[in-house]
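Structure record follows, encoded as structure tokens.
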């Protein structure tokens with residue numbers, strides 16, 4: 001349905017995206033996420049939303065149209081007062097695939113990833129959302145950057161994906177976590193928002209450095225950072241997918257890594273520089289010539305045209321490699337050596 005009432009259109013779209021029925025809370029979040037209405041223009045935007053539902057539902061006392069007519073759009077799922085609403089005449093689209101019928105859900109935007117939240121939080125600390133709006137040049141620019149990030153497996157709804165209103169509303173989500181803000185902020189943000197906030201609230205310089213490195217990555221190394229690495233580490237890497245891919249690319253830089261390994265082989269020292277694990281001694285021919293490389297340069301130092309040097313690499317076994325990545329800031333080679341020795345004694 002399309003008419004001159006933006007609230008009505010947004011409620012219909014939200015319920016369609018949510019499968020035809022949803023709680024008021026989920027409808028609130030969907031509309032805030034879509035960002036097609038500047039919610040900051042309203043003292044209480046949620047009451048505007050509820051009013052438009054009630055005005056267009058024969059289950060509500062203020063409904064004034066014909067029951068079952070074209071303006072009777074919504075119905076109460078669990079009875080009045082329970083806050084769960086459905087979209088009348090909601091149709092599930094189906095396609096035929098090898099003689100079977102599949103339900104095709106409405107496309108909704110993917111959840112925000114760590115990279116996106118890092119960039120949004122960096123902008124938040126540089127421009128308080130209470131002092132700007134969705135038309136601010138920083139918000140518009142960030143919207144463009146987020147639309148260029150190659151980090152989502154599913155295709156986004158390009159009409160409202162990370163548009164300026166949606167970006168601005170995400171910044172407003174951080175207000176609820178800010179101890180320096182006396183207001184309430186938008187409700188019900190994600191757990192990942194809290195994790196990113198907790199990590200960087202007291203480390204804003206590092207946050208800004210990482211944000212700059214992400215932008216450098218998509219500007220100068222777009223081909224490399226566009227290659228998805230489907231593993232758990234990419235999803236959990238604290239600095240996000242873009243910097244994880246940049247980091248792995250440096251650890252796999254064929255010419256430098258090959259040279260590092262060759263030097264170790266010539267010295268008969270192709271073993272973990274931390275725990276001295278030797279793949280050849282343990283696995284025989286299967287482990288011959290095998291070792292991993294850890295790139296020691298801090299991720300926040302990744303800038304345009306950064307070249308990998310031999311001294312930037314440490315030869316490590318798989319276990320030590322994961323332990324080096326496990327803590328922020330990263331442990332150094334000698335620190336992890338000391339940790340291993342202290343736990344042996």
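Residue numbers (the numbering used here): 1 to 345.
Virtual Cβ for every residue (Gly too), placed ideally from N, Cα, C.
From the DSSP output, in three-state form, read off residue 22 for me.
For the purposes of this step, residue 22 is identified with residue 22 of the chain shown, where counting begins at 1. Of the three classes helix, strand and coil, the one that applies to residue 22 here is strand, per DSSP.
Which term fits residue 326, buried or exposed, when burial requires 16 or more other beta carbons within 10 angstroms of its beta carbon?
Here the question's residue 326 lines up with position 326 in the chain shown. Residue 326 sits exposed, since fewer than 16 C-beta atoms from the chains shown fall within 10 Å of its C-beta.
Have a look at residue 61 and residue 54 and give me their C-alpha separation to the nearest angstrom.
Taking the chain shown and counting its residues from 1, one reaches residue 61 at position 61. Taking the chain shown and counting its residues from 1, one reaches residue 54 at position 54. Each residue's Cα considered, the two are about 8 Å apart.
Residues bridged to residue 85 by DSSP?
Within the chain shown, numbered from 1, the residue matching residue 85 stands at position 85. DSSP lists 22 and 76 as partners of residue 85.
Alpha carbons only, please: which of 285, 115, 276 and 120 is nearest the one belonging to residue 334?
Within the chain shown, residue 334 is the residue found at index 334, counting from 1. Nearest C-alpha to residue 334: 276.
Do the CB positions of residue 207 and residue 118 come within less than 8 Å of each other?
Along the chain shown, one-based indexing puts residue 207 at 207. Along the chain shown, one-based indexing puts residue 118 at 118. Yes, the Cβ-Cβ distance between residue 207 and residue 118 is below 8 Å.
Residue 70 to residue 190 span [Cα, whole Å]
Along the chain shown, read from residue 1 onward, the residue named residue 70 stands at position 70. Along the chain shown, read from residue 1 onward, the residue named residue 190 stands at position 190. Cα to Cα, residue 70 sits roughly 36 Å from residue 190.
Who does residue 316 pair with in a DSSP beta bridge?
Against the chain shown, residue 316 aligns to sequence position 316. Note: residue 316 sits in a beta bridge opposite 292.
Measure from the C-beta of residue 31 to each C-beta in chain C and report whether the shortest distance is under 8 Å.
Looking at the structure shown, chain C is missing, and only one protein chain is on hand.
Give the secondary structure of residue 172 by DSSP, where H, G and I count as helix, E and B as strand, and everything else as coil.
Sequence index remark: in the chain shown, residue 172 carries index 172 (1-based). In the structure shown, residue 172 falls within a helical segment according to DSSP collapsed to helix, strand and coil.
Using the three-state DSSP reduction, which class does residue 6 fall into: helix, strand or coil?
On the chain shown, residue 6 is found 6 positions in, with the first residue counted as 1. Assignment of residue 6 by DSSP, reduced to helix, strand and coil, places it in the helix class.
DSSP three-state call for residue 71: helix, strand or coil?
Counting from one through the chain shown, the residue named residue 71 turns up at place 71. Looking at residue 71 - three-state DSSP - the assignment turns out to be coil, as it is neither helix nor strand.
Quick check on the burial criterion: 16 or more other C-beta atoms within 10 angstroms. Buried or exposed for residue 126?
Locating residue 126 in the chain shown gives position 126, where the first residue counts as 1. So residue 126 counts as exposed.
Classification of residue 137 by the beta-carbon crowding that lies within 10 angstroms, buried from 16 upward:
As a first step, residue 137 must be located in the chain shown, where it is residue number 137. It is exposed - the Cβ of residue 137 has fewer than 16 other Cβ atoms within 10 Å.
Any idea what DSSP makes of residue 249, helix, strand or coil?
The residue given as residue 249 occupies position 249 in the chain shown. Three-state result, residue 249: helix.
Closer than 7 Å by C-beta to residue 83: which residues in its own chain qualify, once you throw out the five before and the five after it? Chain order, please.
Looking up residue 83 in the chain shown gives position 83. Cβ within range, chain order: 23 and 24.
Can you tell which of 72, 341, 59 and 183 has the C-alpha that lies nearest to the C-alpha of residue 79?
Numbered from its first residue, the chain shown carries residue 79 at position 79. Checked all of 72, 341, 59 and 183; the closest Cα to residue 79 is 59.
Pick from 319, 171 and 309 that is closest to residue 272, judged by C-alpha positions
For the purposes of this step, residue 272 is taken as the residue at position 272 of the chain shown. The residue from 319, 171 and 309 with its alpha-carbon nearest to that of residue 272 is 319.
For residue 164 and residue 135, believed in contact at Cβ under 8 Å, the rounded distance:
Counting from one through the chain shown, the residue named residue 135 turns up at place 135. Counting from one through the chain shown, the residue named residue 164 turns up at place 164. Confirmed, about 7 Å.
Residue closest to residue 88, alpha-carbon to alpha-carbon, out of 15, 132 and 160:
Numbered from 1 along the chain shown, position 88 holds the residue referred to as residue 88. Comparing Cα-Cα distances from residue 88 to each of 15, 132 and 160, the minimum goes to 15.
Answer yes or no: do residue 240 and residue 214 have a C-beta to C-beta separation smaller than 8 Å?
On the chain shown, position 240 is the one that residue 240 refers to. On the chain shown, position 214 is the one that residue 214 refers to. With respect to the 8 Å criterion, residue 240 and residue 214 are classified as neighbours on the basis of their beta carbons.
Determine the direct distance from the alpha carbon of residue 147 to that of residue 166, and round the result to whole angstroms.
Within the chain shown, numbered from 1, the residue matching residue 166 stands at position 166. Within the chain shown, numbered from 1, the residue matching residue 147 stands at position 147. A direct Cα-Cα distance of roughly 12 Å separates residue 166 from residue 147.
With DSSP as the reference, label residue 191 as helix, strand or coil.
Walking along the chain shown from the start, residue 191 turns up at place 191. DSSP places residue 191 in helix when its eight states are reduced to three.
Starting from residue 145 and walking both ways along the alpha helix (DSSP H), at which residues does that stretch end?
Translated into positions along the chain shown, residue 145 becomes position 145. For residue 145, the enclosing alpha helix (DSSP H) stretches over residues 137–148.
Can you round the beta-carbon distance between residue 314 and residue 296 to whole angstroms, since I take them to be within the 8 Å contact cut?
The residue you call residue 314 lines up with position 314 of the chain shown. The residue you call residue 296 lines up with position 296 of the chain shown. In this structure, residue 314 and residue 296 form a Cβ contact; the two beta carbons are roughly 6 Å apart against a cut-off of 8 Å.
By the DSSP assignment, the alpha helix (DSSP H) with residue 261 in it spans what residues?
Taking the chain shown and counting its residues from 1, one reaches residue 261 at position 261. 254–266 is the span of the alpha helix (DSSP H), which, as asked, contains residue 261.
So, with DSSP's three-state summary, where would you put residue 95?
Here residue 95 corresponds to residue number 95 of the chain shown, with the count starting at 1. With a pLDDT of only 42 at residue 95, under 50, the local geometry of the prediction cannot be trusted, and the value read off the model is given with reservation. Residue 95 sits in a strand when the DSSP states are folded into three classes.
Roughly how many angstroms lie between the CA atoms of residue 8 and residue 149, to the nearest whole one?
Within the chain shown, residue 8 is the residue found at index 8, counting from 1. Within the chain shown, residue 149 is the residue found at index 149, counting from 1. Pairing residue 8 with residue 149, the inter-Cα distance amounts to about 32 Å.
Using the three-state DSSP reduction, which class does residue 61 fall into: helix, strand or coil?
Reading the chain shown from its first residue, position 61 is the one you call residue 61. Coil.
State the Cα-Cα distance for the pair residue 76 and residue 12, rounded to the nearest angstrom.
Sequence index remark: in the chain shown, residue 76 carries index 76 (1-based). Sequence index remark: in the chain shown, residue 12 carries index 12 (1-based). Roughly 14 Å between the two C-alpha positions.
Under the assumption that residue 256 contacts residue 308 (Cβ atoms under 8 Å), give the Cβ distance between them as a whole number of angstroms.
Here the question's residue 256 lines up with position 256 in the chain shown. Here the question's residue 308 lines up with position 308 in the chain shown. Yes, they are in contact, since the Cβ atoms of residue 256 and residue 308 sit about 5 Å apart, within 8 Å.
Boundaries of the alpha helix (DSSP H) in which residue 120 is found, first to last residue:
Counting from one through the chain shown, the residue named residue 120 turns up at place 120. First-last of the alpha helix (DSSP H) with residue 120: 114–126.
Hey, how far is the Cα of residue 6 from the Cα of residue 64?
The count along the chain shown starts at 1 and reaches residue 6 at position 6. The count along the chain shown starts at 1 and reaches residue 64 at position 64. So the alpha carbons of these two residues sit roughly 20 Å apart.
Cβ atoms of residue 177 and residue 197: under 8 Å apart, would you say?
To locate residue 197, count along the chain shown from 1; it is residue 197. To locate residue 177, count along the chain shown from 1; it is residue 177. Yes; because the gap between Cβ atoms is below 8 Å, this pair is in contact.
Note down the Cα distance separating residue 282 from residue 200, rounded to an integer number of angstroms.
For the purposes of this step, residue 282 is taken as residue 282 along the chain shown, with counting starting at 1. For the purposes of this step, residue 200 is taken as residue 200 along the chain shown, with counting starting at 1. Cα-Cα distance, rounded: 42 Å.
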